[in-house]
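For the sequence shown, the residue numbers in the numbering used here are 6 to 419.
Everything on this sheet refers to the single structure shown next.
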Amino acid sequence: MTHLTARTAAVIGGGPAGLMAAEALAGGGVRVDLYDAMPSVGRKFLLAGKGGLNLTHAEPREPFLSRYGERRARIEPLLDAFGPGALREWARGLGVDTFVGSSGRVFPVGEKAAPLLRAWLHRLREAGVRFHVRHRWRGWDAEGALRFETPQGERVVRADATVLALGGGSWPQLGSDGAWLPLLAQRGVEVAPLRPANCGFDVGWSEHFRTRFAGHPVKSVVASFTDTAGAVERRQGEFVVTANGVEGSLVYALSARLRDEIAASGVAVLQLDLAPGRELPRLVDELSRPRGSRSLSSHLQSRTGLKGVKAGLLREVLAAADFADPARLAAAIKDLPLRLVAPRPLAEAISSAGGVAFEALDDRLMVRAHPGVFCAGEMLDWEAPTGGYLLTACFASGRVAGKGALAWLARRIA
Ligand SMILES: Cc1cc2nc3c(=O)[nH]c(=O)nc-3n(C[C@H](O)[C@H](O)[C@H](O)COP(=O)(O)OP(=O)(O)OC[C@H]3O[C@@H](n4cnc5c(N)ncnc54)[C@H](O)[C@@H]3O)c2cc1C
């Protein structure tokens, strides 16, 4: 009888999804070769570690699942197989405990990715996974073998099962450049174009505003967005003024809907409440008091506390006559329209939307049109906000694809 060890699996892409698939396959006794285009694996994971490595989130199941929006039904079974709790257990198994931060976000103790990655790669090598870096996958040859570009020239590899975990298209300098998309599209796999997710937006500031305020955080504001269907989303938080527009957690949280609105109508208007907690009538009253010889700016500051970048935003958006009118100035403080004209490019985004359509895959993430080829991670067509939801679904889908490949290989032997 042929045993599974006689079977080979190629995992292409050494991010969290690919490494998780490799672990599942090696754990089932398959010989695993992992290929990555870069000189080392896990580069985006390590970069995520620079921001504290928000591994997952501790909120209850319902709100957690809702973060995946339209793809919730596709992500749910993946998280059932390997959800936030399993992920924290897994990290503990690698000697890295996790903790829940004040916002419910879960981080490894130490808030770094490197110790986790180091321990993981060690365990994978011990389990027999062989790593082949500087191997850029270029698709399949006429016989269905995998083609890689290497410093030594083209290499052609045969594998009994393949897991593609090639990432999305953000931060291409870390290895995930989305170049796989046409390779799969040409093979008849349904793919949606990659689009920026968790991204900043262009506003088109005046030279004066840009020079004074680029890099300034705008703290504790409420941003709301109403789409063409009338659905309103409101969130409190903070964002950062950039040379071109805005970025940061509050903007990222709304970015999917803002991006889609710009695609549909050319512009998205973000309404800002620069003074949450202060009522409009009170602001009108304060601003209507005599200002004597004080400038408008110092009147604004002494009556409302608004100064610096918040006052700058009011000046940037309002006409001079409105800035001088207490009622209109107060109304703008509570509801300042910021016109966003374009998302920042995919290369600058935290993550990508688009990718391999779930309809092209079976429940085990195998490409229906190409038995034996599985897909996992950010290259699948889903998106989620920051908060640990991205990594959680990447790990989960890697696990499901790896187990799926294992089951597929086992059935072929039986
Ligand atoms: C700045 C930043 C901070 C982030 N912080 C967080 C966070 O705190 N929490 C969170 O949940 N998420 C975070 N993310 C997102 C998270 O890092 C990604 O969603 C996750 O790494 C995607 O995992 P993946 O395995 O699908 O792809 P990747 O991690 O992108 O890995 C894909 C791998 O495939 C390789 N590859 C690509 N094409 C080829 C090819 N043709 N041939 C061979 N190899 C190839 C690449 O070199 C890469 O190693 C952050 C992202 C960024 C940019």
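Where is the CB? At the ideal position from N, CA and C, for every residue including glycine.
{"Query": "Judging by CA-CA distance, which residue of 139, 240 and 69 is the nearest neighbour of residue 17?", "Result": "139"}
{"Query": "I need the straight-line Cα distance from residue 284 to residue 78, nearest angstrom please.", "Result": "41 Å"}
{"Query": "Is residue 210 near ligand 1, in the sense that its beta carbon is under 7 Å from a heavy atom of that ligand?", "Result": "no"}
{"Query": "Between residue 385 and residue 400, is the Cβ-Cβ spacing less than 8 Å?", "Result": "no"}
{"Query": "So what does DSSP say about residue 386, is it helix, strand or coil?", "Result": "coil"}
{"Query": "From 233, 249, 66 and 237, pick the residue whose C-alpha is nearest to that of residue 216; which is it?", "Result": "249"}
{"Query": "DSSP state of residue 410, grouped into three classes?", "Result": "helix"}
{"Query": "Could you compute how far the alpha carbon of residue 303 sits from the alpha carbon of residue 292?", "Result": "11 Å"}
{"Query": "Taking all protein chains shown into account, decide if residue 50 is buried (16 or more other Cβ within 10 angstroms of its Cβ) or exposed.", "Result": "buried"}
{"Query": "Tell me whether residue 50, by its Cβ, gets closer than 7 Å to a heavy atom of ligand 1.", "Result": "yes"}
{"Query": "Answer yes or no: do residue 47 and residue 129 have a C-beta to C-beta separation smaller than 8 Å?", "Result": "no"}
{"Query": "Determine the burial state of residue 212: buried for a count of at least 16 other Cβ atoms within 10 Å of its Cβ, exposed for fewer.", "Result": "exposed"}
{"Query": "Sorry if obvious, but does the Cβ on residue 89 come closer than 7 Å to a heavy atom of ligand 1?", "Result": "no"}
{"Query": "Using DSSP bridges, identify the partner residues of residue 40.", "Result": "17 and 137"}
{"Query": "If we call anything under 8 Å between Cβ atoms a contact, is residue 407 one with residue 30?", "Result": "yes"}
{"Query": "Are the Cβ atoms of residue 61 and residue 97 separated by less than 8 Å?", "Result": "no"}
{"Query": "Just to check my reading of the structure: residue 267 and residue 197 have Cβ atoms closer than 8 Å, yes? What is that Cβ distance to the nearest angstrom?", "Result": "17 Å between Cβ atoms; not a contact."}
{"Query": "Could you check whether the Cβ of residue 46 sits closer than 7 Å to any heavy atom belonging to ligand 1?", "Result": "yes"}
{"Query": "Between residue 73 and ligand 1, is the CB less than 7 Å from at least one heavy atom?", "Result": "no"}
{"Query": "I'd like the list of long-range same chain contacts for residue 320, defined as Cβ closer than 7 Å, with 5 residues on each side in sequence excluded.", "Result": "328"}
{"Query": "Using a 10 Å radius around the Cβ and a threshold of 16 neighbouring Cβ atoms, would you call residue 104 buried or exposed?", "Result": "exposed"}
{"Query": "Any heavy atom of ligand 1 closer than 7 Å to the Cβ of residue 394?", "Result": "yes"}
{"Query": "Judging by CA-CA distance, which residue of 278, 41, 382 and 287 is the nearest neighbour of residue 143?", "Result": "41"}
{"Query": "Quick check: is any heavy atom of ligand 1 less than 7 Å from the C-beta of residue 399?", "Result": "yes"}
{"Query": "Flag this pair as yes or no: are the beta carbons of residue 255 and residue 238 separated by less than 8 Å?", "Result": "no"}
{"Query": "Which term fits residue 22, buried or exposed, when burial requires 16 or more other beta carbons within 10 angstroms of its beta carbon?", "Result": "buried"}
{"Query": "From what residue to what residue does the beta strand (DSSP E) around residue 151 run?", "Result": "151–155"}
{"Query": "Alpha carbons only, please: which of 334, 337 and 15 is nearest the one belonging to residue 161?", "Result": "15"}
{"Query": "Extract the residue ranges of the alpha helix (DSSP H) inside the stretch 185–246, only unbroken runs of 4 or more that lie entirely within it.", "Result": "185–191 and 212–218"}
{"Query": "Could you tell me the alpha carbon to alpha carbon distance between residue 230 and residue 70, rounded to whole angstroms?", "Result": "22 Å"}
{"Query": "Report yes or no: do three or more beta-carbon pairs, one from the stretch 170–189 and one from the stretch 333–341, lie closer than 8 Å?", "Result": "no"}
{"Query": "With distances taken between CB atoms, is the gap from residue 405 to residue 86 smaller than 8 Å?", "Result": "yes"}
{"Query": "Note down, in chain order, each residue of its chain lying with its Cβ closer than 7 Å to the Cβ of residue 402, except the 5 sequence neighbours on either side.", "Result": "22, 83, 370, 381, 382 and 385"}
{"Query": "To which residues of the same chain is residue 2 closer than 7 Å at the C-beta, ignoring the five residues directly before and after it?", "Result": "A query on residue 2 cannot be resolved here, the shown segment of the chain reaching from 6 to 419 and no further."}
{"Query": "Keeping to the same chain, check which residues put their C-beta closer than 8 Å to that of residue 208; ignore five residues upstream and five downstream.", "Result": "249, 250, 251, 343, 344, 345 and 346"}
{"Query": "Go to residue 331, then tell me how far its alpha helix (DSSP H) extends in each direction, as first and last residue.", "Result": "331–339"}
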